[in-house]
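Participant:
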Amino acid sequence: MKAEHFTRPVKIGIINWRGMYTLYCKEVHRFMKVSLQTLAAPVVTSALFMLVFTLALEGRTSAFEDATYMQFLAPGLAMMAVLQNAFANTSSSIIIGKVQGNIVDILMPPLGSFELLVAFLFGGITRGVFVGIISITILSLIGKTGFPHHIVVATAFLLLGSCAMSLVGILAGIWANKFDSLAAITNFVIQPLSFLSGTFYSIDRLPDTVERFAIFNPFFLVIDGFRYGILGISDSSVLFGLFVLFILNVALFITSYYVLESGYKLKS
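Numbering (the working numbering), first residue to last: 48 to 315.
1) Apart from the five residues just before and just after Thr321, which ones in its own chain have a Cβ nearer than 6 Å to its Cβ?
2) Closest to Val200 by CA distance: which of Phe119, Ala87, Ser281, Phe273 is it?
3) Looking at the unbroken alpha helix (DSSP H) that takes in Arg65, where does it start and where does it end?
4) Measuring CB to CB, does Ser209 end up less than 8 Å from Gly171?
5) Helix, strand or coil, according to DSSP, for Asn264 in the structure here?
6) For the alpha helix (DSSP H) that Phe247 lies in, which residues bound it at each end?
7) Going along the chain, which residues of its own chain have a beta-carbon closer than 6 Å to the beta-carbon of Val297, five neighbours each way excluded?
8) Sorted by chain position, which residues of the same chain lie with C-beta nearer than 6 Å to Pro122's C-beta, five sequence neighbours on each side aside?
9) Tell me whether Pro195 sits in a helix, a strand or coil according to DSSP, three-state version.
10) Look at the Cβ atom of Ser213, then the Cβ atom of Thr302, and state whether they are nearer than 8 Å.
11) In terms of residues, what are the limits of the alpha helix (DSSP H) holding Asn296?
12) Taking C-alpha atoms, which residue in Tyr311, Tyr304, Gly310, Leu313 lies nearest to Val165?
13) By alpha-carbon positions, which one of Asp152, Gln131, Asp282 ends up nearest to Ser249?
14) Have a look at Phe242 and Ile59 and give me their C-alpha separation to the nearest angstrom.
15) Does Asn234 come out as helix, strand or coil in the three-state DSSP assignment?
16) Which complete beta strand (DSSP E) runs does the segment 133–206 hold, if anything under 3 residues is left out?
17) Based on Cα-Cα distance, which residue from His197, Phe194, Ser93 lies nearest to Leu120?
18) Spatial neighbours of Leu158 within its chain, please: C-beta separation below 8 Å, excluding the five flanking residues on both sides.
19) Would you say Leu154 and Ala211 are within 8 Å of each other, going by their C-beta atoms?
20) If you draw a straight line from the C-alpha of Thr256 to the C-alpha of Leu295, how long is it?
21) Give the straight-line distance between the Cα atoms of Leu299 and Met79, rounded to the nearest whole angstrom.
22) Report the three-state DSSP secondary structure of Pro254 (helix, strand or coil).
23) Near Pro89, what residues of its chain come up, given a Cβ to Cβ distance below 8 Å and the 5 sequence neighbours on each side ignored?
24) Are there 16 or more other CB atoms within 10 angstroms of the CB of Pro195, so buried, or fewer, so exposed?
25) Quick one: measure Cβ to Cβ for Gly279 and His197, integer angstroms, because I've assumed they're closer than 8 Å.
26) In terms of residues, what are the limits of the alpha helix (DSSP H) holding Ser281?
27) With a CB to CB cut of under 6 Å and the five nearest residues on each side skipped, what residues in its chain are close to Ile262?
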């Protein structure tokens, strides 16, 4: 065979950028193929919550003088959708691969634990950000919140919240052996924490003892910080929230990396 028919081997550096980007594109394409379910459905659910509360609690005042109750609700509902969907994206991708047996198609290519983690992570963040932007746009029209007061702060909490829940989703997807196990985490951990972390009320309404613990709840910190970015009002220190969420994301990233590196419930 002539020399010109041979293909030179592709050199892969320390990081397989092309492989990582390809897996990321696969993750984005996976949820975009069913966008009615992954993007439209959570937005419609949030809008229905907003409309129901608008009709049921019309005229009710919020805990803040500068915002109506409907304006108070909008950022919380949007962030609740973000957290749930960022978690769902990464966790469902891994558990589907494990149950169907095609997780090997991801583990066999020359992709290290870091590349796998980053690709899954950014796929979850992308879905969370898409849901967040669409949700807050529609809910802002219903609640008349206007343009975000601090768009940089809102963006920071949107990214930190999506990142944290994407990493939690990766860990949950690796741990779960079947869909029932993953559904248990969603129904008994993720949803209750999303609903009970300041989405529908100010934590000032909680008993003092409970309130002291609530301000350390990452779900509350994300929702409260995002609300500050949209409305300029908050129940806690925004800088404290940013600090805690940054540390949490670093800890989750390191944990996820070592779990992937160990091959726990993936290669064993």
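Ideal placement from N, C-alpha and C gives every residue a C-beta, glycine not left out. Keep in mind it's a predicted model, so treat the numbers as computed, not measured.
Facilitator: This is what the structure holds:
1) Past the edges of the chain, shown from 48 to 315, lies residue 321, and the structure says nothing about it.
2) Here the question's residue 200 lines up with position 153 in the sequence shown. It is Phe273 whose Cα lies nearest to the Cα of Val200.
3) Taking the sequence shown and counting its residues from 1, one reaches residue 65 at position 18. Note, Arg65: alpha helix (DSSP H), 64–79.
4) Counting from one through the sequence shown, the residue named residue 209 turns up at place 162. Counting from one through the sequence shown, the residue named residue 171 turns up at place 124. Contact: yes.
5) By one-based count along the sequence shown, residue 264 stands at place 217. Of the three classes helix, strand and coil, the one that applies to Asn264 here is coil, per DSSP.
6) Counting from one through the sequence shown, the residue named residue 247 turns up at place 200. Careful: Phe247 lies outside any alpha helix (DSSP H) and carries neither H nor E.
7) For the purposes of this step, residue 297 is taken as the residue at position 250 of the sequence shown. None.
8) As a first step, residue 122 is located in the sequence shown; it is residue number 75 there, counting from the start. Taken in chain order, the residues that qualify are Phe273, Arg274, Ile277.
9) As a position in the sequence shown, residue 195 is number 148, starting the count at 1. Coil, per DSSP.
10) Here residue 213 refers to the residue found at position 166 when the sequence shown is read from its first residue. Here residue 302 refers to the residue found at position 255 when the sequence shown is read from its first residue. No, Cβ-Cβ distance for Ser213 and Thr302 is not below 8 Å.
11) Reading the sequence shown from its first residue, position 249 is the one you call residue 296. Note, Asn296: alpha helix (DSSP H), 285–309.
12) Position 118 of the sequence shown holds residue 165. In this structure, Tyr304 is the residue among Tyr311, Tyr304, Gly310, Leu313 with its C-alpha nearest to the C-alpha of Val165.
13) Position 202 of the sequence shown, counting from 1, holds the residue named residue 249. Of the listed residues, the one whose Cα sits closest to Ser249 is Asp282.
14) On the sequence shown, residue 242 is found 195 positions in, with the first residue counted as 1. On the sequence shown, residue 59 is found 12 positions in, with the first residue counted as 1. Distance between the alpha carbons of Phe242 and Ile59: 45 Å.
15) Within the sequence shown, numbered from 1, the residue matching residue 234 stands at position 187. Here Asn234 sits in helix by DSSP.
16) none
17) Your numbering for residue 120 matches position 73 in the sequence shown. It is Ser93 whose Cα lies nearest to the Cα of Leu120.
18) Numbered from 1 along the sequence shown, position 111 holds the residue referred to as residue 158. Answer for Leu158: Asn63, Gly66, Met67, Leu70, Ala166, listed in chain order.
19) As a first step, residue 154 is located in the sequence shown; it is residue number 107 there, counting from the start. As a first step, residue 211 is located in the sequence shown; it is residue number 164 there, counting from the start. No, the pair does not count as a contact, with Cβ atoms beyond the cut-off.
20) As a position in the sequence shown, residue 256 is number 209, starting the count at 1. As a position in the sequence shown, residue 295 is number 248, starting the count at 1. Computed Cα separation, rounded: 23 Å.
21) Locating residue 299 in the sequence shown gives position 252, where the first residue counts as 1. Locating residue 79 in the sequence shown gives position 32, where the first residue counts as 1. Cα to Cα, the separation comes out at about 26 Å.
22) On the sequence shown, residue 254 is found 207 positions in, with the first residue counted as 1. The answer is coil: DSSP assigns Pro254 none of H, G, I, E or B.
23) Residue numbering aside, residue 89 sits at position 42 when the sequence shown is read from its first letter. Around Pro89: Ala128, Gln131, Asn132, Val178, Ser182.
24) As a working note, residue 195 is residue 148 in the sequence shown. When all chains shown are included, Pro195 counts as buried.
25) The residue given as residue 279 occupies position 232 in the sequence shown. The residue given as residue 197 occupies position 150 in the sequence shown. Going by Cβ atoms, the distance from Gly279 to His197 rounds to 7 Å, so yes, they are a contact pair.
26) The residue labelled residue 281 in the question sits at position 234 within the sequence shown. Under the DSSP assignment, Ser281 falls outside any alpha helix (DSSP H); it carries neither an H nor an E label.
27) Reading the sequence shown from its first residue, position 215 is the one you call residue 262. The beta carbon of Ile262 sits closer than 6 Å to the beta carbons of Ser283 from its chain, once the five residues preceding and following it are set aside; these are given in chain order.
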